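A short write-up of the structure that comes next.
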Amino acid sequence: MDTFLDGKAGNARLDFNLQGAFTRLLCCNQLQDSSQLQVTHSNFDYSQHITDFVDSNTADATAYMVIPPSIENTSCEAIVYPDRSPGDYLAGITTMQPIEDIFSLAVGQNSSIIKFTRSDNKLPSRIVTGLRLYQKGLVAECSLGVIHSKRPGKHFHWMLVSGLYETYVLFTAITEIYGELPSNLSLCLTLYGENSSESVQTNYGIELKSVGFITMF
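Residues 1 to 217 (UniProt numbering) are what the sequence shown spells out, left to right.
Okay, structure coming up:
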């Protein structure tokens with residue numbers, strides 16, 4: 001696959017008819033010796049399926065892709081896939097540039113934010129993006145999307161963790177949307193085991209602003 005794509009990001013579309021089913025697919029990459037497996041999910045093709053818009057003539061018509069601080073010895077690349085509502089888009093961290101087809105941007109070890117705008121200010125609420133993590137062995141990719149002023153607040157997130165591997169929880173403050181972090185910031189992290197109904201809780205506060213991540217195992 002790497003040879004076929006000449007080391008670059010690739011994109012594929014599948015068209016099929018369903019009767020009201022949820023059309024996301026589980027996507028896996030695996031090394032030939034089966035020693036590593038990377039899993040993510042597919043996204044809708046918003047160039048064909050209509051999505052809602054952040055329609056405004058003000059700065060509200062800007063979306064952000066938040067890049068968390070990367071773990072040591074891991075380089076990152078942001079990918080913007082072409083499955084978006086047709087239009088003329090600009091994206092960048094410091095300098096905005098046109099998005100054509102698949103757009104990629106190398107990002108540093110520190111937290112950063114990629115801005116998205118559209119020439120007519122009719123910005124779709126969903127833009128398909130990914131964050132590629134280059135590490136030893138198989139390249140990993142996280143599906144991220146974008147955040148904008150119309151995004152509803154969230155108070156709960158879940159994830160899978162394993163004691164067999166190094167696990168990190170990364171944090172970024174999206175001040176462009178939500179403003180500065182409150183001094184009374186409170187985060188409750190709860191771990192549930194597969195063989196027990198009991199849980200373990202740990203609470204964190206404003207110290208997360210300077211630390212940026214939690215080491216789980």
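Cβ atoms here follow ideal geometry from the backbone N, Cα and C, with glycine treated the same way.
Keep in mind the model is a prediction, meaning the values are calculated, not measured.
Discussion item. Measuring only the C-alpha atoms, how far is Phe171 from Ser186?
Written reply: Distance between the alpha carbons of Phe171 and Ser186: 13 Å.
Worksheet item: How is the alpha helix (DSSP H) around Tyr178 delimited, first residue to last?
Response: For Tyr178, the enclosing alpha helix (DSSP H) starts and ends at 175-178.
Discussion item. Please list the terminal residues of the continuous beta strand (DSSP E) segment that includes His41.
Written reply: Where His41 is concerned, the enclosing beta strand (DSSP E) stretches over 37-41.
Worksheet item: If you draw a straight line from the C-alpha of Val107 to the C-alpha of Asp101, how long is it?
Response: Val107 and Asp101: Cα-Cα distance of roughly 19 Å.
Fill in: Inter-residue spacing [alpha-carbon to alpha-carbon] between Leu26 and His41
Near 5 Å, if we compare the C-alpha coordinates of His41 and Leu26.
Fill in: Identified DSSP bridge partners for Ile214
Beta-bridge pairing links Ile214 to Val169.
Practice prompt. Alpha carbon to alpha carbon, how far is Leu90 from Met1? Give it in angstroms, no decimals.
Written response: Whole-angstrom Cα-Cα distance: 29 Å.
Fill in: the segment 108-127 contacting the segment 43-54, beta-carbon criterion three pairs below 8 Å
Cβ pair count under 8 Å is three or more, so yes.
Worksheet item: Between which two residues does the beta strand (DSSP E) carrying Lys115 extend?
Response: 112-118 is the extent of the beta strand (DSSP E) around Lys115.
Practice prompt. Have a look at Pro182 and Asn203 and give me their C-alpha separation to the nearest angstrom.
Written response: Between Pro182 and Asn203, the C-alpha separation is close to 16 Å.
Worksheet item: Beta carbon of Arg132, beta carbon of Ala9: below 9 Å?
Response: Pairing Arg132 with Ala9 gives a Cβ-Cβ distance under 9 Å.
Practice prompt. Would you mind sorting Ile206 into buried or exposed? The rule is 16 or more other CB atoms within 10 Å of its CB.
Written response: Within 10 angstroms of the beta-carbon of Ile206 lie fewer than 16 other beta-carbons, which makes it exposed.
Worksheet entry | Paired residues, beta bridge with Ala106 - DSSP | Secondary-structure assignment with DSSP links Ala106 through a beta bridge to Glu77.
Practice prompt. Return the residue from the list Gly130, Met96, Leu31, Glu180 that minimises the CA-CA distance to Asn11.
Written response: Relative to Asn11, the option among Gly130, Met96, Leu31, Glu180 whose CA is nearest is Gly130.
Fill in: Alpha-carbon to alpha-carbon, Gln19 and Gln135
Going from the Cα of Gln135 to the Cα of Gln19 covers about 40 Å.
Discussion item. Let's see if you can read the secondary structure: which residues bound the beta strand (DSSP E) around Pro124?
Written reply: Segment 122-124, the beta strand (DSSP E) holding Pro124.
Worksheet item: Taking just the CA atoms, how far does Tyr168 sit from Ile147?
Response: For Ile147 and Tyr168, the gap between their C-alpha atoms comes out near 22 Å.
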